[in-house]
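Single-structure report; data block below.
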């Protein structure tokens, strides 16, 4: 998580320089410290010079110095303190702003190979005519068949303003597309509605994410929403000030976090002039919700402003500052650990949700039901899913065998507002909704265990729970529950 945001360039440099001096000068004798630092620098310079002049490989000074820098950083054993070359710094800044160089698609994996799950508006892929559902057959002259998703995407990515040739399969026919790689802005904030339930997904705490959320929230409130879901799942964090500004949308004033520096000094980060929302707010979090996502979630949990649903967060409870180097590049340095307003530890432990739910679709359905939806209708086909008529990114696997349809137990439980429990005595899974209860055993035909996930026979579940309706034609599955 970066500490500073929207500062003028000279201000950033001044703050960075002051911070660098603070980190390098201890409270003990400054003269002795300066002498020790000078001696260490001389020793490093002497080793570099000796290797450059004498080693049989003829190493270059710039290569040796970069290797030495990385070794110094690695000696700290801190995964969040990093050295960046100028190019790496640009990539890091792009990532914070949710940007990258590519063609502007989101891809997925299925039996036929890598397919296009989403095409970003205004992207090079959109301009080239790529459509959601296209199966990528070739990248350049290389086949994509049998390749892992990372292998295919690495071939699609490349330098800005270069072209990549793609062959895609669409409706049984192959098509050739030539796409120019450009800097692509991944949507940072996406807003949707599930009838009276508003939904805002925040992908990154970029410099403008707070302004985008404020705009979308204003629009949702104008549509008459009666509750709100904020989705921070898979959000790796970003800028601390963005989290600070977002907190002001839900709490009038208070402490965002307590920070503790290398000397144990507590410096609270505070905010004021905020507001509250006239309806319940739910946050979705998972194990990839990190850094600034945890700052915001932890603070709003402590103030009782939200209900968090999902799984335990990542546990990145530290603050970094990016310090430019005169020689080019920068060092991202961990400068503080933070605690929530109630002094809860986050670093390496994460935040527990108020309601634990496993599985992406089950989490979303649970949140929508908790937010007040009286009925849930779910439609799932090959490449898309909708909940109450609104398209969603979350999905799940369906097992179809021997004329029967099996759906993850957690999805059916979330639809029904039920709980999934393991009965150790009977070695069975129990689905409990109010007074209704049914048990499933792994050996029975109503239960399938695959890759650690339990799947329930939909027809038998619907017979046990009158509120569940369903239909499956082998391509499209529809599920509904009051």
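Residue numbers (mature numbering (1 follows the signal peptide of the UniProt record, and there is no 0)): -33 to -1, 1 to 449. Using N, Cα and C, we set each Cβ at its ideal position, and we do this for glycine too.
Alpha-carbon spacing of residue 294 relative to residue 146, whole angstroms: If I take the Cα positions, the gap works out to 36 Å.
Quick check: what's the CA-CA separation for residue 197 versus residue 263? Their Cα atoms are separated by approximately 11 Å.
CB-CB under 6 Å to residue 439, same chain, minus the five flanking residues each way: which ones, in chain order? Shown here for residue 439: same chain residues with a beta carbon closer than 6 Å to its own, the five before and five after excluded, namely 372 in chain order.
For the segment 124 to 131 against the segment 49 to 61, do three or more pairs of beta-carbon atoms, one drawn from each stretch, fall closer than 8 Å, so that the two count as touching? Contact fails: fewer than three Cβ-Cβ distances are below 8 Å.
Ignoring anything shorter than 4 residues or poking outside the segment 180 to 231, list the alpha helix (DSSP H) runs there in chain order. Within the segment 180 to 231, the complete alpha helix (DSSP H) runs of at least 4 residues are 207 to 214.
Count the other C-beta atoms from every protein chain shown that fall within 10 angstroms of the C-beta of residue -23, then say buried if there are 16 or more, exposed otherwise. Any answer about residue -23 is weak, because its pLDDT of 28 lies below 50 and its placement is not dependable; what the coordinates show is given next. That one is exposed.
Quick check on residue 268: buried or exposed, where buried means 16 or more other Cβ atoms within 10 Å of its Cβ? So residue 268 ends up on the buried side.
Residues in its own chain within less than 7 Å of residue 26 by CB, not counting five upstream and five downstream? Result list for residue 26: 18, 19, in chain order.
Starting from residue 36 and walking both ways along the alpha helix (DSSP H), at which residues does that stretch end? Where residue 36 is concerned, the enclosing alpha helix (DSSP H) starts and stops at 28 to 41.
Mapping DSSP to helix, strand and coil, what is residue 436? Here residue 436 sits in strand by DSSP.
What number of angstroms, rounded off, separates the C-alpha of residue 402 from the C-alpha of residue 430? Counting only the Cα atoms, residue 430 lies some 15 Å from residue 402.
Smallest Cα separation from residue 304: which of 334, 259, 338? When the alpha-carbon of residue 304 is set against those of 334, 259, 338, the nearest one is in 259.
Mind reading off the beta-carbon distance from residue 377 to residue 447? Whole number of angstroms is fine, and I expect it under 8 Å. The C-beta distance from residue 377 to residue 447 rounds to 17 Å, too long to meet the 8 Å contact threshold.
Identify which residue in 287, 394, 162 has its Cα closest to the Cα of residue 206. Out of 287, 394, 162, 287 has the C-alpha closest to the C-alpha of residue 206.
With DSSP run on the structure shown, which of helix, strand or coil describes residue 278? Of the three classes helix, strand and coil, the one that applies to residue 278 here is coil, per DSSP.
At a cut-off of 7 Å, is residue 204 close to the ligand HEM when judged by its beta-carbon and the heavy atoms of the ligand? Only the bare structure without any ligand can be found here, which leaves the ligand HEM out of the picture.
Continuous beta strand (DSSP E) assignments of at least 3 residues falling wholly in the segment 275 to 347: Runs found: 285 to 291, 297 to 306, 343 to 347.
Per DSSP, the bridge partner or partners of residue 94: Answer by DSSP bridge pairing: none, since residue 94 is not bridged.
If you follow the beta strand (DSSP E) that residue 349 is part of, which residue opens it and which one closes it? Taken as a continuous stretch (DSSP letters only), residue 349 belongs to no beta strand (DSSP E), as it is neither H nor E.
Is DSSP giving residue 268 helix, strand or coil here? Helix at residue 268.
Looking only at its own chain, which residues have a Cβ that is under 7 Å from the Cβ of residue 451, when we skip the five neighbours before and after it? The first residue shown for the chain is -33 and the last is 449, placing residue 451 beyond what the model contains.
Span of the alpha helix (DSSP H), counted from its first residue to its last, around residue 364: Counting along the chain, residue 364 falls outside any alpha helix (DSSP H), and DSSP gives it neither H nor E.
Any idea if residue 317 is buried or exposed, counting beta-carbon neighbours within 10 angstroms, 16 or more meaning buried? Its Cβ being crowded by 16 or more others within 10 Å, residue 317 is buried.
How would you write the range of the alpha helix (DSSP H) that residue 377 sits in, first residue to last? Annotation for residue 377: the continuous alpha helix (DSSP H) segment containing it runs 376 to 383.
Enumerate in chain order the residues of its own chain whose CB-to-CB distance from residue 109 is below 8 Å, with the five nearest sequence positions on each side excluded. Result list for residue 109: 122, in chain order.
My understanding is that residue 236 touches residue 216, with C-beta atoms under 8 Å, so please give their C-beta distance in whole angstroms. Contact between residue 236 and residue 216 fails: their C-beta atoms lie close to 16 Å from each other, not under 8 Å.
Which partner residues of residue 450 appear in the DSSP bridge assignment? Residue 450 lies beyond the stretch modelled for the chain, which goes from -33 to 449, so this question has no answer here.
Taking the alpha-carbon positions, what's the residue 324 to residue 276 distance? Cα to Cα, the separation comes out at about 7 Å.
Where residue 124 sits in the DSSP three-state scheme: In this structure, residue 124 counts as coil in the three-state DSSP scheme.
Select from 233, 169, 152 the residue whose C-alpha is nearest the C-alpha of residue 159. Sorting 233, 169, 152 by C-alpha distance to the C-alpha of residue 159 places 169 at the top.
Name, in chain order, the residues that DSSP records as bridge partners for residue 144. According to DSSP, residue 144 bridges with 133.
Should residue 283 go down as buried or exposed, given a rule of 16 or more other Cβ atoms within 10 Å for buried? Under this definition residue 283 is a buried residue.
DSSP three-state assignment for residue 430, whether helix, strand or coil: Looking at residue 430 - three-state DSSP - the assignment turns out to be helix.
Straight-line CA distance for residue 398 to residue 444? Using only the alpha carbons, I get a separation of about 21 Å.
Using the C-alpha atoms, what's the distance from residue 355 back to residue 119? Roughly 34 Å separates the two Cα atoms.
Please report the straight-line C-alpha distance between residue 314 and residue 285, rounded to a whole angstrom. In this model, residue 314 and residue 285 are separated by some 7 Å (Cα to Cα).
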